[in-house]
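Number of protein chains: 2
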Amino acid sequence: MSLIVQKYGGSSVANTDLIKKVAKKIVSNYRSDNQMIVVVSAMGNTTDHLIGLMNEISSDPDPREVDMLLTTGEQVSIALLTMAVHALGCPAISLTGSQIEIKTDEKHNRAMIKEIDTSRILKELNQDKIIIVAGFQGINDNHDFTTLGRGGSDTTTVAISAAMEADRCEIYSDVDGIYTADPRTINSASKLNYISYEEMLELANLGANVLHPRAVELAKIYDVELYIASSFNKKRGTIVRGVEDMEGKKNIVGVTCDLEDIKITVEKVPDKPGIAGFLFSSLADKGVNVDMIIQNLQRDNLNDITFTIKKNNVNKAEKVLDDIKDELNFENLEIDTEVAKISIVGAGMKSTPGIAAQMFKILGENNINIEMITTSEIKISCLIERNMVDRALNILHKEFELDKIND
Amino acid sequence: MSLIVQKYGGSSVANTDLIKKVAKKIVSNYRSDNQMIVVVSAMGNTTDHLIGLMNEISSDPDPREVDMLLTTGEQVSIALLTMAVHALGCPAISLTGSQIEIKTDEKHNRAMIKEIDTSRILKELNQDKIIIVAGFQGINDNHDFTTLGRGGSDTTTVAISAAMEADRCEIYSDVDGIYTADPRTINSASKLNYISYEEMLELANLGANVLHPRAVELAKIYDVELYIASSFNKKRGTIVRGVEDMEGKKNIVGVTCDLEDIKITVEKVPDKPGIAGFLFSSLADKGVNVDMIIQNLQRDNLNDITFTIKKNNVNKAEKVLDDIKDELNFENLEIDTEVAKISIVGAGMKSTPGIAAQMFKILGENNINIEMITTSEIKISCLIERNMVDRALNILHKEFELDKIND
Chain A
0 MSLIVQKYGG SSVANTDLIK KVAKKIVSNY RSDNQMIVVV SAMGNTTDHL
50 IGLMNEISSD PDPREVDMLL TTGEQVSIAL LTMAVHALGC PAISLTGSQI
100 EIKTDEKHNR AMIKEIDTSR ILKELNQDKI IIVAGFQGIN DNHDFTTLGR
150 GGSDTTTVAI SAAMEADRCE IYSDVDGIYT ADPRTINSAS KLNYISYEEM
200 LELANLGANV LHPRAVELAK IYDVELYIAS SFNKKRGTIV RGVEDMEGKK
250 NIVGVTCDLE DIKITVEKVP DKPGIAGFLF SSLADKGVNV DMIIQNLQRD
300 NLNDITFTIK KNNVNKAEKV LDDIKDELNF ENLEIDTEVA KISIVGAGMK
350 STPGIAAQMF KILGENNINI EMITTSEIKI SCLIERNMVD RALNILHKEF
400 ELDKIND
Chain B
0 MSLIVQKYGG SSVANTDLIK KVAKKIVSNY RSDNQMIVVV SAMGNTTDHL
50 IGLMNEISSD PDPREVDMLL TTGEQVSIAL LTMAVHALGC PAISLTGSQI
100 EIKTDEKHNR AMIKEIDTSR ILKELNQDKI IIVAGFQGIN DNHDFTTLGR
150 GGSDTTTVAI SAAMEADRCE IYSDVDGIYT ADPRTINSAS KLNYISYEEM
200 LELANLGANV LHPRAVELAK IYDVELYIAS SFNKKRGTIV RGVEDMEGKK
250 NIVGVTCDLE DIKITVEKVP DKPGIAGFLF SSLADKGVNV DMIIQNLQRD
300 NLNDITFTIK KNNVNKAEKV LDDIKDELNF ENLEIDTEVA KISIVGAGMK
350 STPGIAAQMF KILGENNINI EMITTSEIKI SCLIERNMVD RALNILHKEF
400 ELDKIND
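These protein sequence lines map, in sequence, to chains A and B.
Numbering-wise, the first sequence is residues 0 to 406 according to numbering that gives the first Met the number 0.
Numbering-wise, the second sequence is residues 0 to 406 according to numbering that gives the first Met the number 0.
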């Protein structure tokens, strides 16, 4: 008997017909002599509906009350899915984050799981029940409901798999696996049979919306092997696991883009020691994360400092820069929203020299200008003009032969 | 400083504009130096929507999962109302039944409140917060969510008023008080300034949908004076309180009808000792409550036994009668759904002889046939033909001068 933890995303339970289909799938696994724990997201557009109501009432709602509101979405899903499993004649019980005691820190809207109490789950499993768990939510020490932020149901799933030492952890959504690129942009994108945690993490952080980065981190820490597949078909999905298990290591496993970045240039800052440090620590103090940075010394000992931040931080950043205008003594501020970050990711690049050069060369040959660059051990990112994104992705996908990755 | 407990029904918070209006009302009370605890129902048709989804999935859902589903409705309301109060600049916090620990028994869908832990409420009140409480819900010893059944938010409100020893308990809905009859049927129905718990209880039990009977019972036990008024206007409402406080006792304070009853006649049952007892205990064993009963001895020692039950129990009752057909040895079964129960209610009838006679006489004079009768100390009910209901109500309302009750 195996213990299987499965997650079904919002599109997989978007209406009652789909909920019944998911119930069938769960019951079929259960009847094959498995113990089942199933984590569910809110139905389809429920969360958007709730956020719509909220926006009608307040432009700046209290994060605690936002969590009070949003946690209802998953609670509806688990109740309905449990009823659907019952209707197929199997014992099942729904449990919210507060009932299980998925204990989180105090940070509403983006809480981190501290601990999962497995006693209630174990009690119900021992009564041969299928456990249907509300994803995305937990409870803090004050008994207030918290949510784990975007993609939080993935995190719930991996955390429960780790806490329960599950034999399998399967994540079902409307996406049937991890691709070498977004199939909507690149026709020849191939599905990967395997990907390492590190590579998945880079892809997840870089804007591939399949799996939440925190879930991948957690999977890596607790060595939880993930299976990512579609709930709508039976196609083979993608296994996410430790790199030591990988069959054939490819240099590059994916190309991706992130359209959430914007570029800010602070022009003509006097070139004094510590001035850049002051700028970036001022931003960090207000919670503005800076990604790429370039400093260009201009004439007259004046510097241009260019950096990228997430689009949703632009107001905060402008305020910080306004507050420190006198200290920084800069002449002008340029904000460029028409940029995009494209990246190539692959654990193999650690041991293969020349990948970066190959990337820059092919982009250059195609007249795509690279404005900024960042790298990690297993990824290279370039900031380019936004209208060049699709072309750049196609060129890179072809250059690194990602269409032939399963050959 | 007074402690005021208010309840707003579903129609009072049916959309975000109404929620904002309710928030204004609460804040105005709070700013007049009152401590505020506000109990809220689910928004307008939320519960119906959830029940609709449920019916698409299961015709016989597990009561525990029904509660898991339905408790989300109030949770949405309290979050939104709290945000609306915040938007007006007042401190407020929402609390679910499980967070407060409104402890109930195990009976899902119709749980009874056993105990309310006031510590969380007190803690938040001491921080000058307005407390927004989810009505209708509690938690059992197993940490499962329970609901209190129809009108349960009224019960929550009275229970919290009692536990907190509130100075005032106000129930706001789309109904602006207690009337001598349903104003939709009787144009001349008058609003009562006062009504006793006992009278309210009879009216509530008899189908007047203003206030839940359990809430009235609780108010009576804990001597909580209720104020029933509209959230849509400022008209004077009705005070429900102990009879000893009543200003002028009227013989009759209201006429009402209940269309949920049906009449079953078991024809030609052999007249053996204990046969009626056997019939009614068989029904009771299956949870079918019997209201009125008549036994008519026919010729040949055969009895007709006639009784009324609630419409929604008819399938259960038929099954019971089928199961005991051999023991009962009856000849035929008649089910009459075209009946209605009309009632007159008033604490004054205890000390005023002749009220029943007056009721039967005026109905008779108007050719309205009385099929069955039940009475209590303060009400008289008659089963009549359903198509006579409106006429009967009007006749009784006029006969007992209820249009002149405030004169």
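Here a beta-carbon is modelled for each residue, glycine too, at the ideal position from N, C-alpha and C.
Boundaries of the beta strand (DSSP E) harbouring threonine 237/B: 237-240, taken from the DSSP string. If you look at methionine 371/A, you'll find it in the beta strand (DSSP E) that goes 371-375.
Between the beta-carbon of valine 12/B and that of leucine 80/B there is about 7 Å, and that keeps the pair under the 8 Å contact cut. Around threonine 81/B, the beta-carbon contacts reaching into chain A at under 8 Å are Asp61, Glu64, Met67. Selection Asn393/B, Glu398/B, Leu401/B, Glu400/B evaluated against threonine 184/B yields Asn393/B as nearest (Cα-Cα).
Put simply, of Ser187/A, Val215/A, Tyr226/A the residue whose alpha carbon is nearest the alpha carbon of lysine 403/A is Ser187/A. Interface flag for lysine 233/B against chain A is unset, since no Cβ pair is found closer than 9 Å. Assigned with DSSP and collapsed to three states, leucine 147/A falls in coil, not helix or strand. If you look at arginine 167/B, you'll find it in the beta strand (DSSP E) that goes 167-172. When beta bridges are read from the DSSP output, proline 269/B appears opposite Leu301/B. Counting only residues of its own chain and dropping the five nearest sequence neighbours on each side, alanine 203/A has a CB closer than 6 Å to the CB of Leu210, Pro212, Val215. When Cβ-Cβ separations below 9 Å define contact, glutamate 326/B makes no contact with chain A.
With respect to chain B, the C-beta atom of aspartate 116/A has no partner C-beta closer than 9 Å.
Within the same chain, Ile18, Lys19, Ala22 come within 7 Å of alanine 83/B by CB-CB distance, once the 5 residues on both sides are set aside. Residue pairing from DSSP places threonine 255/A in a beta bridge opposite Ser342/A.
Within its own chain, the residues whose Cβ lies closer than 7 Å to the Cβ of isoleucine 343/B, once the five positions on either side in sequence are excluded, are Ile251, Val254, Met358, Lys378, Ile379, Leu395, Phe399, listed in chain order. Counting other Cβ atoms within 10 Å of its Cβ, leucine 121/A stays below 16 and is therefore classed as exposed. Per DSSP, reduced to three states, the secondary structure at phenylalanine 306/B is strand.
Only those residues of the region 363-389 of chain B whose C-beta falls short of 8 Å from the nearest C-beta of chain A would be listed, and there are none.
Boundaries of the beta strand (DSSP E) harbouring valine 4/A: 1-7, taken from the DSSP string. With contacts defined by Cβ atoms closer than 9 Å, glycine 88/B and valine 132/B do not form a contacting pair. With fewer than 16 other CB atoms across the displayed protein chains lying within 10 angstroms of its CB, serine 27/B is exposed. The beta carbon of glutamate 337/A sits closer than 8 Å to those of Glu384, Arg385, Asn386, all from its chain and outside the five residues before and after it, given in chain order. By the 16-neighbour rule on beta-carbons within 10 angstroms, lysine 262/A is buried. At least one CB of chain A lies nearer than 9 Å to the CB of methionine 53/B. Among the residues of the region 13-36 of chain A, those with a Cβ less than 9 Å away from any Cβ of chain B are Asn14, Thr15, Asp16, Ile18, Lys19, Ala22, in the order of the chain. Using a Cβ-Cβ cut-off of 9 Å, valine 174/A does not count as an interface residue toward chain B, since no Cβ of chain B sits closer than that to its own. Remark: fewer than three beta-carbon pairs, one from each stretch, lie closer than 8 Å, so the region 106-119 of chain B and the region 42-59 of chain B are not flagged as touching. Cβ contact annotation for asparagine 312/A (same chain, cutoff 6 Å, sequence separation greater than five): Val287, in chain order. In this structure, leucine 301/B sits near glutamate 330/B, with a CB-CB distance shorter than 9 Å. In the structure shown, the three-state DSSP call for asparagine 312/A is helix. Within the same chain, Cβ atoms closer than 7 Å to the Cβ of glycine 137/B are found at Gly96, Ile101, Lys102, Thr103, Ala110, Ile112, Thr145, Leu147, the five residues on either side in sequence being excluded.
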